[in-house]
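A quick write-up on the structure given underneath.
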Amino acid sequence: MKYFFMIVFAFFIYQSAYSQNNVGINTDTPDQSAVLDILSTQKGVLIPRMSFAQKNLISAPAKGLLIYQIDAAEGFYFYNGSAWQTLNGVNGANGANGQGFANGSAAGQLYLTSGSSPFSPQAPVSVTGDITINNSGSTTITSGAVNTTKLANGSVTIQKINAAGTASPTTFLRGDGEWAAPAAAGASASTLFARRTTDLLVESNAYQDVVSINLEANKTYLIQSKVLTQRAGSASADVSCRVKFSTNDAVSLIGGVYYGTGYKTGTNFSSSGGFESDGVSDNPATQSVGAKYTVETIIKTVTAGTFTIQVARKSNNTTNNFYVRPISYITASTISE
């Protein structure tokens, strides 16, 4: 009789569990949403543990099959129907466990971490501003985006400036990108000046330099000069004056040369580098010093060179010498046409 009641009791228990369609362990009321409901405050559920190789030997794993891998990339893995997928999230400074990466919404977006610990990765964001990055890792700065407000004071040095010539404590950078020396003493940046400081005794028909000035290439100059002469003896001395330029292909005289009371029509400088005013001369007839020659012309340079005022005894003057006195001078002013 005793065994009969035990069989009847087991039958009712089975029927009760079967009618619920779920099983409870350590609970009489398993949750209706669970096939298996395990209740414990001291123990857990132990999922099958195996190695990487053993996991890959499972034949036809069911979709959703769960294991714990004990080697290689250790952790929980589930089969998603085509491959084993880890349940592990990234760790440490890159994000909290279980945090995944969301898909982006546009090309070239970046993943950024949150502003507080554990600094987990956030949804990708599009880069704005003047610097862009593409999916190959190349960065680009938008044309015209760099301006001086972004540069630290003193960060651009002379060595970073692409200019012709040599930078030094005595040169300055011109607007055309070339280093140049300031004008000589007594002149401004646009006007050059030179003068004679000693007497010049002229004793032959060979031309001698009175005063010179250096001109730059590709500029137009207004040349003005005065030559002061005085006879050296008791007799008058016929004098010849001319202008010269040191390079053969450098300049054209625009208009001509005016000197004293004469005028010489403009032409190119000769192959010898000279433009001569022979044949127009003055005669220092007295011992007094006078402005015997006033030279004025416009000159246009192609290459740099030296512009010089020269004097000599005229060809028909074979005996009478003369002096060129100090303060004879020349100026060259740059002009625009």
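In terms of my numbering, the sequence shown opens at residue 1 and continues consecutively.
Each residue gets a CB set at the ideal place from its N, CA and C atoms; glycine is no exception.
All of these numbers come straight from a predicted model, not from anything done at the bench.
Separation of residue j from residue i, as counted between CA atoms
i	j	result
T149	S155	12 Å
I67	G104	31 Å
I161	S143	19 Å
A232	L201	8 Å
S271	N153	Since pLDDT at S271 reaches only 36, below the 50 mark, its modelled position is unreliable, and no value is offered.
A34	S126	43 Å
G75	A145	49 Å
S288	N316	Residue placement at S288 cannot be trusted, given a pLDDT of 39 that sits under 50; the coordinates are not used to answer.
Q208	T331	19 Å
F193	D130	51 Å
Y323	A167	42 Å
R325	Q230	7 Å
Q69	I58	13 Å
D28	T86	34 Å
T318	G177	52 Å
T191	T198	23 Å
I223	T297	5 Å
L36	S82	26 Å
A225	K300	The identity of residue 225 in the sequence shown is Ser, whereas the question assumes Ala. Rounded to whole angstroms, S225 to K300 spans 17 Å at the Cα level.
S51	L65	15 Å
V23	W84	29 Å
L39	S116	36 Å
G165	T220	21 Å
For residue i, the three-state DSSP class (helix, strand or coil)
i	result
A312	strand
N317	coil
K150	helix
K63	coil
P118	coil
E178	strand
V239	strand
Y68	strand
Q109	coil
Q85	strand
Y207	coil
K43	coil
T198	coil
R325	coil
S33	coil
E74	coil
V295	strand
I335	strand
T301	strand
The alpha helix (DSSP H) enclosing residue i, as first and last residue numbers
i	result
K55	F52 to N56
Cβ neighbour criterion (16 or more within 10 Å) applied to residue i
i	result
I25	exposed
R49	exposed
I327	exposed
G305	buried
A237	buried
V302	exposed
I309	buried
I335	exposed
F245	buried
V243	buried
L215	buried
A53	exposed
Beta strand (DSSP E) segment containing residue i, residue limits
i	result
T139	T139 to I141
F193	T191 to R195
V125	V125 -> no beta strand (DSSP E), and no H or E assigned at all.
I223	T220 to R231
V23	V23 to I25
I38	L36 to I38
G104	Taken as a continuous stretch (DSSP letters only), G104 belongs to no beta strand (DSSP E), as it is neither H nor E.
G144	Careful: G144 lies outside any beta strand (DSSP E) and carries neither H nor E.
Whole-number beta carbon distance between residue j and residue i, since they are thought to touch under 8 Å
i	j	result
V311	V239	6 Å
S386	T113	Only positions 1 to 337 of the chain appear in the structure, and residue 386 is not among them; the question remains open.
N80	K63	7 Å
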